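Peer 1:
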Amino acid sequence: MSISPTSARSRRARLAAVATIGALSLSLVAACGSGGGSSSNGADSGPVTITFWGWAKGTQDVVNAFNSSHKDVQVTFQQIPSGVAGGYAKITDAVKAGNAPDVFNVEYAALPDFVSQGAVQDITKLVPDSLKAKYLPQSVELTTLAGKSWGLPLDASPQALFYRKDLFAQAGITTPPTTWDEYLADAQKLKQAEPNTRIGTFFPDDPSTLEALSWQNGAHWFTGVGDTWNVALNSPETKRVTDYWQQLVSNDLVRVQTSFSQQWVASLQKGETAAYVGAAWGGGVLQSDLASSPGAAGKWAVAPVPSWDGKPASGMLGGTTFAVSKDSKKAKAAVEFATWATTTPEGIQARIASGTSSLFPADPELVPTAKSAFKTDFYGGQDIYSVFVDESKAILPDWQWGPAMSVANSTMSDAFGKLGSGGTIGAAVDAAQQSTVNALKTRGLKVAQ
Amino acid sequence: MTRSRSAAPPRGDNAASRAATVRRRGRSGAPALLIAPFLLLFTAVMLVPIGYAVYLSLFTEQRSGLGFGDARTVFTGFGNYARALGDSAYRTGFLTIVQYCVLYIPVMLGLSLLAALLLDSVLARAKRFFQLALFLPHAVPGIIAALVWTYLYTPGISPVIGALNSAGSHLDLLGHPLPAVVNMAVWEWTGYNMVIFYAALQAIPREVLEASVVDGAGPLRTALSIKVPLIRASITMVGMFTVIGSLQLFTEPMIMYRTAPAVVSSWTPNMFAYTAAFDRDDYGLAAASSVMLALVAAALSFIVTRLTRGRTERRAEAAA
Numbered sequence: 000m001s002i003s004p005t006s007a008r009s010r011r012a013r014l015a016a017v018a019t020i021g022a023l024s025l026s027l028v029a030a031c032g033s034g035g036g037s038s039s040n041g042a043d044s045g046p047v048t049i050t051f052w053g054w055a056k057g058t059q060d061v062v063n064a065f066n067s068s069h070k071d072v073q074v075t076f077q078q079i080p081s082g083v084a085g086g087y088a089k090i091t092d093a094v095k096a097g098n099a100p101d102v103f104n105v106e107y108a109a110l111p112d113f114v115s116q117g118a119v120q121d122i123t124k125l126v127p128d129s130l131k132a133k134y135l136p137q138s139v140e141l142t143t144l145a146g147k148s149w150g151l152p153l154d155a156s157p158q159a160l161f162y163r164k165d166l167f168a169q170a171g172i173t174t175p176p177t178t179w180d181e182y183l184a185d186a187q188k189l190k191q192a193e194p195n196t197r198i199g200t201f202f203p204d205d206p207s208t209l210e211a212l213s214w215q216n217g218a219h220w221f222t223g224v225g226d227t228w229n230v231a232l233n234s235p236e237t238k239r240v241t242d243y244w245q246q247l248v249s250n251d252l253v254r255v256q257t258s259f260s261q262q263w264v265a266s267l268q269k270g271e272t273a274a275y276v277g278a279a280w281g282g283g284v285l286q287s288d289l290a291s292s293p294g295a296a297g298k299w300a301v302a303p304v305p306s307w308d309g310k311p312a313s314g315m316l317g318g319t320t321f322a323v324s325k326d327s328k329k330a331k332a333a334v335e336f337a338t339w340a341t342t343t344p345e346g347i348q349a350r351i352a353s354g355t356s357s358l359f360p361a362d363p364e365l366v367p368t369a370k371s372a373f374k375t376d377f378y379g380g381q382d383i384y385s386v387f388v389d390e391s392k393a394i395l396p397d398w399q400w401g402p403a404m405s406v407a408n409s410t411m412s413d414a415f416g417k418l419g420s421g422g423t424i425g426a427a428v429d430a431a432q433q434s435t436v437n438a439l440k441t442r443g444l445k446v447a448q
Numbered sequence: 000m001t002r003s004r005s006a007a008p009p010r011g012d013n014a015a016s017r018a019a020t021v022r023r024r025g026r027s028g029a030p031a032l033l034i035a036p037f038l039l040l041f042t043a044v045m046l047v048p049i050g051y052a053v054y055l056s057l058f059t060e061q062r063s064g065l066g067f068g069d070a071r072t073v074f075t076g077f078g079n080y081a082r083a084l085g086d087s088a089y090r091t092g093f094l095t096i097v098q099y100c101v102l103y104i105p106v107m108l109g110l111s112l113l114a115a116l117l118l119d120s121v122l123a124r125a126k127r128f129f130q131l132a133l134f135l136p137h138a139v140p141g142i143i144a145a146l147v148w149t150y151l152y153t154p155g156i157s158p159v160i161g162a163l164n165s166a167g168s169h170l171d172l173l174g175h176p177l178p179a180v181v182n183m184a185v186w187e188w189t190g191y192n193m194v195i196f197y198a199a200l201q202a203i204p205r206e207v208l209e210a211s212v213v214d215g216a217g218p219l220r221t222a223l224s225i226k227v228p229l230i231r232a233s234i235t236m237v238g239m240f241t242v243i244g245s246l247q248l249f250t251e252p253m254i255m256y257r258t259a260p261a262v263v264s265s266w267t268p269n270m271f272a273y274t275a276a277f278d279r280d281d282y283g284l285a286a287a288s289s290v291m292l293a294l295v296a297a298a299l300s301f302i303v304t305r306l307t308r309g310r311t312e313r314r315a316e317a318a319a
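As they're listed, the protein sequences go chains R and L. Mapped onto numbering that gives the first Met the number 0, the consecutive letters of the first sequence carry residue numbers 0 to 448. Mapped onto numbering that gives the first Met the number 0, the consecutive letters of the second sequence carry residue numbers 0 to 319.
(1) Consult DSSP for S434 of chain R and reduce its assignment to one of helix, strand or coil.
(2) With 16 as the cutoff for other CB atoms within 10 Å, does S224 of chain L come out buried or exposed?
(3) List the endpoints of the continuous beta strand (DSSP E) containing G223 of chain R.
(4) Would you please verify whether the beta carbon of A261 of chain L is less than 8 Å from any beta carbon of chain R?
(5) Enumerate in chain order the residues of its own chain whose CB-to-CB distance from L102 of chain L is below 8 Å, with the five nearest sequence positions on each side excluded.
(6) If you measure from the beta carbon of F76 of chain R to each beta carbon in chain L, is any gap under 8 Å?
(7) Closest to G379 of chain R by CA distance: which of R:F221, R:Q191, R:R163 is it?
(8) Under 9 Å between beta-carbons, which chain L residues line up against L444 of chain R? List them in chain order, please.
(9) For the beta strand (DSSP E) that contains E106 of chain R, what are its first and last residues?
(10) Classify A198 of chain L: buried if its beta carbon has 16 or more other beta carbons within 10 angstroms, exposed otherwise.
(11) For R90 of chain L, would you say it is in contact with chain R, using Cβ-to-Cβ distances shorter than 8 Å as the test?
(12) Using a cut-off of 7 Å between C-beta atoms, extract the partners of G174 of chain L located in chain R.
(13) Taking DSSP as the reference, what is the three-state secondary structure of T227 of chain R?
(14) Taking C-beta pairs closer than 7 Å, name the residues in chain R that F277 of chain L reaches, listed in chain order.
(15) Within 8 Å of any Cβ in chain L, is that where the Cβ of D429 of chain R sits?
(16) With which residues is Y154 of chain L paired in a DSSP beta bridge?
(17) Please compile the residues from chain R whose C-beta is within a distance smaller than 9 Å of the C-beta of G407 of chain L.
(18) Kindly list, in the order they appear in chain L, the residues whose Cβ is closer than 8 Å to that of D288 of chain R.
(19) When you compare only the Cα positions, how much space is there between G117 of chain R and K325 of chain R?
(20) So, helix, strand or coil for Y275 of chain R, using DSSP?
(21) Where does the unbroken alpha helix (DSSP H) through E210 of chain R begin, and where does it stop?
(22) Is S105 of chain R near F113 of chain R, with beta carbons less than 8 Å apart?
(23) According to DSSP, simplified to helix, strand and coil, what is R305 of chain L?
(24) Among residues of its own chain, excluding the 5 on either side of H137 of chain L, which ones have a beta-carbon nearer than 8 Å to its beta-carbon?
(25) Report the option in L:V262, L:A285, L:Y99 whose CA atom is closest to the CA atom of N269 of chain L.
(26) Roughly how many angstroms separate the alpha carbons of S68 of chain R and D288 of chain R, rounded to a whole number?
(27) Taking the straight line between their C-alpha atoms, what separation do you get for I198 of chain R and T342 of chain R?
(28) At the level of alpha carbons, what is the spacing between A210 of chain L and A125 of chain L?
(29) So who's on the other strand from R449 of chain R, going by DSSP bridges?
(30) Can you give the Cα-Cα distance for V230 of chain R and P305 of chain R, rounded to whole angstroms?
(31) On the DSSP bridge assignment, give the partners of M411 of chain R in chain order.
(32) For Q245 of chain R, collect the residues of the same chain with a Cβ closer than 8 Å to its Cβ; drop the 5 residues on either side in sequence, then sort them by chain order.
(33) Measuring CB to CB, does Y89 of chain L end up less than 8 Å from S265 of chain L?
(34) Start and end of the alpha helix (DSSP H) containing I104 of chain L?
(35) Quick check: the Cα distance between L65 of chain L and F271 of chain L, rounded to an integer number of angstroms?
(36) Please report the residue range of the beta strand (DSSP E) in which P531 of chain R lies.
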């Protein structure tokens, strides 16, 4: 093959073009990497600009409202995937690489991991007792580790049962289940009435529902005693929950589908899944996921999550905090923003009014604000916040998350992948107990089982 | 070079030797200059990261109390390596790769060889079109391809699975990730390797083919007994490169990971390292498992180069 002079020239031109594009994209990367951290050094007169990563519904609206009402601090928001869907990995990478945002969202369950990894800044000095007193005590407990404050709680997430009134009625179910025995019976009724309908879903990718249900049944997965972690993932309280759900899965009474996947949404749209064991924030997620499906609005309702003895009991399923990254030099501004977003009516109002969030504020005084901002058309005008208020009072106290939840969670979701081929939910929790203990010991921590 | 030297006008001995020195110095300078950019990049993007990974793999982080204080970095020697090897998830990852290769390589090689032979046969029409059409999937970035395929695999939303279900077949590809991933890889790489085989086929001397026709061989006989043996070197090379590439399997299963519960976080050794680093924050373990993966790949590459070099040398001897 010979290259004619013209083709050689055009090739050179192309190379030059490629080189230019390469240089451009490099400078773009550099621009992204610096993350807008230039405007704050020293005591200059301009506003402090902080960067913020999060994924909670309605966050963009909150940031917009903050920016338009504040002159001294401005927030640059970047939407990231939810924690388990890769958001946490992204934050961890950024912290290691030294280009982390000033403030980011992290769930209660993941906060100890982040603190233990040294990714989060101790903000004890910036959180006065008067601020702490505003939040639900359970939320404050979960953001206080080793006596120090590591984050500001955004929401408490009492559990709730979301269900389709029409499908339940078709199956002859007049009131939503109040106990897990009733839930099982209703699952059978629904399947009998319509062979393609299931009462709920087991999420094999995300063990957080199982964790909340264990919490609801009085389990304590982690207890810090002195300088020793008591790890009890597979305690009898948890085992009761895992056996129960294994029965539902084995008898094909619930679906096994990835959480919040297209597949899950499609089965909700088709009425093939009639209910969802979630938490307060799930109301907004459900509503926005089903926004485009005709006829869904008005058919859904919310009930307290079933319990074992019929008395109200709840764990916390998810729940988000604002944490300041280790190397941020703008912790004061970050805490100012987080305080505004979690404890002012304006901050909560902006989030709920987005129509995608139904979170239960960790500051109980703001519940009326959330309630009046939430449009209840999707739930046929039901006062869903009164259900959440009752459930929030039933959240069992003294639950602790340990610093190896990422290990526990990935072990469990890996093992849940074998549910179709001989694996069980109980075996997955046993495996998680083992790997969690090993992980803590590898880090040189004392563990009791 | 030789010609230019002999063409130089005769000069005095002194001048000639001086010129030779200059030329020699120039000759050693030019390669250094030409190789410098490569060496610089190679050092920056290969040697330094590998060195850093080896360094990381020898340390682990220790904490005290409940684990919320500052971490101490402790030298563990080969402790991380022992932990990786002792983890059945890591070993299972290699087993997955072996199963993947057993299923993927024969299918992909067979299909691309078939396509190349068909294109090379006299019967083929619109060669350029088919070449491009078959190559096109390779031009789609792996992540995009994986996303599209995952969509097509997902029951409830995939039109393909929907059609199969209504036809009475219940294909559960998300529950059986190996064929699902192999299918993506075949789609992506068949066209690419077909181009390599086609180029090799084009290089076969026409007189050999003419001789086979004169001897009465039909198109099928020519393809199997003449063409395939003559491009055996390319086939071996592609096969070996595919094995080495398969060790790096990451993108497709990583995309499927969140959708298909059967794809676990440590499905391949690369995913094991990724999860260790970015999910479990265990950089020592991640580095150790990556270094061992790199060693396996290096060993395989060494074997491949030895094998292929041996082959060409043998052929050169046979020709002489």
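Glycine is no exception: its CB is placed at the ideal position from the N, C-alpha and C atoms. What you are looking at is a predicted structure, and each value in this text was computed from that prediction instead of being measured.
Peer 2: Taking the definition as stated:
(1) The answer is helix: DSSP assigns S434 of chain R an H, G or I state.
(2) Counting Cβ neighbours within 10 Å, S224 of chain L comes out exposed, since fewer than 16 surround it.
(3) Per DSSP, G223 of chain R belongs to the beta strand (DSSP E) from 221-224.
(4) True, the Cβ-Cβ gap to chain R drops below 8 Å.
(5) Cβ within range, chain order: L177, P178, V181.
(6) No, F76 of chain R lies away from the interface with chain L (no Cβ there is under 8 Å from its Cβ).
(7) In terms of CA proximity to G379 of chain R, R:R163 leads the group R:F221, R:Q191, R:R163.
(8) Neighbours of L444 of chain R on chain L, chain order: Q61, R62, S63, G64, L65, G66.
(9) Judged by DSSP secondary structure, E106 of chain R falls within the beta strand (DSSP E) whose first and last residues are 102-106.
(10) Label assigned to A198 of chain L: exposed.
(11) Chain R, which has no Cβ nearer than 8 Å to the Cβ of R90 of chain L, makes this no.
(12) Result: G419.
(13) Three-state result, T227 of chain R: strand.
(14) Per Cβ cutoff of 7 Å: A88, T91, D92.
(15) Closer than 8 Å: no.
(16) This sequence places Pro at residue 154 of chain L; Tyr is not what is there. Answer by DSSP bridge pairing: none, since P154 of chain L is not bridged.
(17) It is not possible to answer for residue 407 of chain L, since the shown part of chain L is limited to 0 through 319.
(18) Against chain L, a Cβ distance below 8 Å from D288 of chain R picks out nothing, because the smallest value is about 13 Å.
(19) About 7 Å.
(20) Assigned with DSSP and collapsed to three states, Y275 of chain R falls in strand.
(21) First-last of the alpha helix (DSSP H) with E210 of chain R: 207-215.
(22) It should be noted that the sequence gives Val, not Ser, for residue 105 of chain R. In contact: V105 of chain R and F113 of chain R (Cβ atoms closer than 8 Å).
(23) The DSSP-derived three-state label of R305 of chain L is helix.
(24) E187, W188, G190, Y191, listed in sequence order.
(25) Of L:V262, L:A285, L:Y99, the residue nearest in Cα terms is L:A285.
(26) So the alpha carbons of these two residues sit roughly 30 Å apart.
(27) If I take the Cα positions, the gap works out to 36 Å.
(28) Between A210 of chain L and A125 of chain L, the C-alpha separation is close to 26 Å.
(29) No information on residue 449 of chain R is available, as it lies outside the stretch 0 to 448 that chain R covers here.
(30) Approximately 27 Å between the Cα atoms of the pair.
(31) DSSP lists no partner for M411 of chain R.
(32) Once the five neighbours on either side are set aside, the close Cβ partners of Q245 of chain R are T423, I424, G425.
(33) Against a cut-off of 8 Å, the Cβ pair of S265 of chain L and Y89 of chain L comes out as a contact.
(34) Annotation for I104 of chain L: the continuous alpha helix (DSSP H) segment containing it runs 87-119.
(35) C-alpha of L65 of chain L to C-alpha of F271 of chain L: approximately 27 Å in a straight line.
(36) There is simply no residue 531 of chain R to check, as chain R begins at 0 and stops at 448 in what is shown.
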